[in-house]
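Chemist:
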Amino acid sequence: MADEHQDLTRAFAGLGGLGVDETALVSALGRWRRQPEKRAHRRCFLGFFSASAGAGAAIERCEDEYLLHLKAEFARFKDAAVLWAMHLWERDARWAHHVLHKAHPPQVLVEVVCTRATDDLLGARRAYQALYHRSLEEDVAYRVRDANASLLVGLVSAYRYEGARVSEDLATEEAKALAATVRAALAPAATKLVQNEQVDLAAEPCLREAVKCLDSPPKYFSEVIGRAFSDDADRQAKAALTRVLVSRADTDIKDAYARQYGAKLADAVAKNSHGHYKDALLAIIGK
Numbered sequence: 007m008a009d010e011h012q013d014l015t016r017a018f019a020g021l022g023g024l025g026v027d028e029t030a031l032v033s034a035l036g037r038w039r040r041q042p043e044k045r046a047h048r049r050c051f052l053g054f055f056s057a058s059a060g061a062g063a064a065i066e067r068c069e070d071e072y073l074l075h076l077k078a079e080f081a082r083f084k085d086a087a088v089l090w091a092m093h094l095w096e097r098d099a100r101w102a103h104h105v106l107h108k109a110h111p112p113q114v115l116v117e118v119v120c121t122r123a124t125d126d127l128l129g130a131r132r133a134y135q136a137l138y139h140r141s142l143e144e145d146v147a148y149r150v151r152d153a154n155a156s157l158l159v160g161l162v163s164a165y166r167y168e169g170a171r172v173s174e175d176l177a178t179e180e181a182k183a184l185a186a187t188v189r190a191a192l193a194p195a196a197t198k199l200v201q202n203e204q205v206d207l208a209a210e211p212c213l214r215e216a217v218k219c220l221d222s223p224p225k226y227f228s229e230v231i232g233r234a235f236s237d238d239a240d241r242q243a244k245a246a247l248t249r250v251l252v253s254r255a256d257t258d259i260k261d262a263y264a265r266q267y268g269a270k271l272a273d274a275v276a277k278n279s280h281g282h283y284k285d286a287l288l289a290i291i292g293k
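Under my numbering, the residues of the sequence shown are numbered 7 to 293, in order.
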C-alpha cells in the first residue's frame, strides 16, 4: 500500500504545479485494486476527498474542485499538442476569440496584437474572419464595454510600420502625445516612466501590458513564464505557460529567459512540470 500511495501522490503532484505524471499513475492504479486500499488512499488525500454521509452510507466524497483540477492538468498536454500543430494565424485568432467570447483575460489579446509581426497580425485578422464570419475589429468594438475598448480597438486595427527608417521628430511628438494622454487618464501616483514622466500603470492592466509588450516582447514573455512557475501561480498564470512556449519557442524566448533568470528554460520546465506535458514542452522548446 505504501508504494501505491507514494506513486499516486507523485502522479498527482501536478495538481499543485503543471501536468500529471501519467507513468506513475498507471503504475499505481495497476496494483491498487482492493476497496480497503482505495479507501485508505482517499483518506490520505485531505482536501481532495472529504467524509460525507448521506442516504445511510458514509463515503469519502471527491471534491468538485479536485475534479476541476484533474481535468485541467490532464488537458495541458492536449492543449500544447493541438496549439503547436496549428497555423500561427489560426492559433492567434482562436486566442482572441476566447478573450471576447469565453472570458479569458484581455491581456491575451494584448499579447497577440502587440508582439506579432505586422503581416502575422493581419493574417490572424483574416483567420478570425474565416473562422467566425465577422471581423476581429468589429467584435472587439461590440463586445468590449469597459475602459479598455478604445485601446483594444486601436491596437487590433493598427498596421505598424516595421522598416528601418524612423522620423525622430515624429517619434518625439508621438511620445509626448502618449505621455500626455496617459497622465490625463491615470492617478498622479508615480510608478512608471513614460517620456520622462512618472505615471501609475497599475490601475490600467491592459495599458500596462501593451507598454511592456511593445517595449520588449522577450522580457515580457520571460516574466510571464516566471509567474507560471511561481508557487502562488493561479489558473491563468499556469495556462499562460503553454501559450507563451508554443508561440515564442521558435523566436527569442530561451535566450531572454536565461538572461533574466540566470537559468536554462529547459531546466525550469523539467523542474516545474510533469509527465507527457513536460515532455511536450521540452520538445517544443527544442531541448
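Just so you know, even glycine gets a beta-carbon here, dropped at the ideal spot from N, CA and C.
(1) Identify the continuous alpha helix (DSSP H) that holds residue 278 and give its terminal residues.
(2) CA-CA distance, residue 181 and residue 189?
(3) Give the straight-line distance between the Cα atoms of residue 186 and residue 160, rounded to the nearest whole angstrom.
(4) Just to confirm the assignment, what range does the alpha helix (DSSP H) spanning residue 233 have?
(5) Compute the beta-carbon to beta-carbon distance between residue 291 and residue 271, rounded to the nearest angstrom, for a pair I have assumed lies under 8 Å.
(6) In the DSSP assignment, what are the bridge partners of residue 180?
(7) DSSP has residue 76 in a bridge; who is on the other side?
(8) Can you name the residues that DSSP bridges to residue 24?
(9) Going by beta carbon distance, what residues of the same chain come within less than 7 Å of residue 24, once the five residues before and after it are set aside?
(10) Measure the Cβ-Cβ separation of residue 162 and residue 119 and say whether it is below 8 Å.
(11) Could you please give the first and the last residue of the uninterrupted alpha helix (DSSP H) stretch that includes residue 140?
(12) Using a 10 Å radius around the Cβ and a threshold of 16 neighbouring Cβ atoms, would you call residue 133 buried or exposed?
(13) Rounded to whole angstroms, what's the CA-CA distance from residue 73 to residue 99? Just pull it up for me.
(14) Starting from residue 239, trace the alpha helix (DSSP H) both ways and give me its first and last residue.
Modeler: The short version:
(1) The residue labelled residue 278 in the question sits at position 272 within the sequence shown. Per DSSP, residue 278 belongs to the alpha helix (DSSP H) from 271-278.
(2) The residue you call residue 181 lines up with position 175 of the sequence shown. The residue you call residue 189 lines up with position 183 of the sequence shown. One C-alpha to the other measures close to 12 Å.
(3) Within the sequence shown, residue 186 is the residue found at index 180, counting from 1. Within the sequence shown, residue 160 is the residue found at index 154, counting from 1. Roughly 17 Å between the two C-alpha positions.
(4) Residue 233 sits at position 227 when you count from the first residue of the sequence shown. Residue 233 -> alpha helix (DSSP H) spans 223-235.
(5) Numbered from 1 along the sequence shown, position 285 holds the residue referred to as residue 291. Numbered from 1 along the sequence shown, position 265 holds the residue referred to as residue 271. Right, their Cβ atoms sit about 6 Å apart.
(6) In the sequence shown, residue 180 corresponds to position 174, counting from 1. DSSP, once it has assigned bridges, lists no residue as partnering residue 180.
(7) Counted from its first residue, the sequence shown places residue 76 at position 70. DSSP, once it has assigned bridges, lists no residue as partnering residue 76.
(8) In the sequence shown, counting from the first residue as 1, residue 24 sits at position 18. Paired residues: 279.
(9) Here residue 24 corresponds to residue number 18 of the sequence shown, with the count starting at 1. Excluding sequence neighbours, residue 24 sits near 82, 244, 247, 278, 279, 280 and 283.
(10) Along the sequence shown, read from residue 1 onward, the residue named residue 162 stands at position 156. Along the sequence shown, read from residue 1 onward, the residue named residue 119 stands at position 113. For residue 162 and residue 119, yes; Cβs fall inside 8 Å.
(11) Working through the sequence shown from its first residue, we reach residue 140 at position 134. No alpha helix (DSSP H) holds residue 140; DSSP gives it neither H nor E.
(12) Indexing the sequence shown from 1 puts residue 133 at position 127. The residue in question, residue 133, is buried, as its Cβ has 16 or more Cβ neighbours within 10 Å.
(13) Residue mapping note: residue 73 aligns to position 67 of the sequence shown, counting from 1. Residue mapping note: residue 99 aligns to position 93 of the sequence shown, counting from 1. Near 29 Å, if we compare the C-alpha coordinates of residue 99 and residue 73.
(14) In the sequence shown, residue 239 corresponds to position 233, counting from 1. No alpha helix (DSSP H) contains residue 239, which DSSP labels as neither H nor E.
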